[in-house]
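Position in the sequence shown counted from 1, then plus 187, gives you the working numbering.
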Amino acid sequence: MTHETLKVDTERLAQAAAKLGMHADEIPTIPPGFSVSGSDPLSSAIAAQVPKLEEPVVGP
188 MTHETLKVDT
198 ERLAQAAAKL
208 GMHADEIPTI
218 PPGFSVSGSD
228 PLSSAIAAQV
238 PKLEEPVVGP
């Protein structure tokens, strides 16, 4: 097996990094969490599910 010398086009890499950074800056901030104020069974069921939906985005 022969080993091949790897080369990196640093100019293209820098351009790609700048483009990635530009797109990353366009990601909106996470909106604040909310709470369900009702006490009926439907509101209670929704309130139980909200943390499961928020956790992957906001964290535990």
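The C-beta atom is built at its ideal place from N, Cα and C for all residues, glycine as well.
Under three-state DSSP, which class holds Lys206? The count along the sequence shown starts at 1 and reaches residue 206 at position 19. The answer is helix: DSSP assigns Lys206 an H, G or I state.
Just curious, the alpha helix (DSSP H) that Glu191 is in, first and last residue? For the purposes of this step, residue 191 is taken as the residue at position 4 of the sequence shown. Careful: Glu191 lies outside any alpha helix (DSSP H) and carries neither H nor E.
Need the endpoints of the alpha helix (DSSP H) that Ser231 sits in, please. Within the sequence shown, the letter at position 44 stands for residue 231. Start and end: Pro228 to Val245.
If distances are taken between C-alpha atoms only, which option among Pro238, Gly246 and Pro243 comes closest to Ser222? Here residue 222 corresponds to residue number 35 of the sequence shown, with the count starting at 1. Closest by alpha carbon: Pro238.
Apart from the five residues just before and just after Val244, which ones in its own chain have a Cβ nearer than 7 Å to its Cβ? For the purposes of this step, residue 244 is taken as residue 57 along the sequence shown, with counting starting at 1. Only Ile217 meet the Cβ criterion.
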